[in-house]
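**Q**
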Amino acid sequence: MQTLLIEIESPTKAKELTAILSSINFIKKVSRVNKRKALLAALQEHEIVKAAIVSKKNSAISKYLS
Numbered sequence: 028m029q030t031l032l033i034e035i036e037s038p039t040k041a042k043e044l045t046a047i048l049s050s051i052n053f054i055k056k057v058s059r060v061n062k063r064k065a066l067l068a069a070l071q072e073h074e075i076v077k078a079a080i081v082s083k084k085n086s087a088i089s090k091y092l093s
């Protein structure tokens, strides 16, 4: 799984890109973050998931997260 962070120049274009990405069947989740606090919370959530995978010693996945 890969996570992309993209900065878009306007809210309208961000909304359009979100709609396009959401319609693609292999995209698992699309999130829009407007505020810095929300971005930090999203990154922290990603780190929690990453730590959970590493703590279970799933070597097949954890080697890609290091």
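Numbering of the sequence shown is given in the numbering used here, commencing with residue 28 and proceeding in unit increments.
Where a beta carbon is used, it is the ideal one built from N, C-alpha and C, also for glycine.
Nearest by alpha-carbon distance to K55: which of K40, L67 and I47 is it?
**A** Within the sequence shown, residue 55 is the residue found at index 28, counting from 1. When each option's Cα is compared against that of K55, the closest is I47.
**Q** According to DSSP, is K62 part of a helix, a strand, or is it coil?
**A** Position 35 of the sequence shown holds residue 62. It is coil, neither helix nor strand.
**Q** Determine the direct distance from the alpha carbon of L31 to that of H73, and round the result to whole angstroms.
**A** Sequence index remark: in the sequence shown, residue 73 carries index 46 (1-based). Sequence index remark: in the sequence shown, residue 31 carries index 4 (1-based). So the two alpha carbons sit approximately 12 Å from each other.
**Q** So for L70, helix, strand or coil by DSSP?
**A** Residue 70 sits at position 43 when you count from the first residue of the sequence shown. Here L70 sits in helix by DSSP.
**Q** Given this structure, state the Cα-to-Cα distance separating F53 from E34, to the nearest angstrom.
**A** Residue numbering aside, residue 53 sits at position 26 when the sequence shown is read from its first letter. Residue numbering aside, residue 34 sits at position 7 when the sequence shown is read from its first letter. Cα-Cα distance, rounded: 21 Å.
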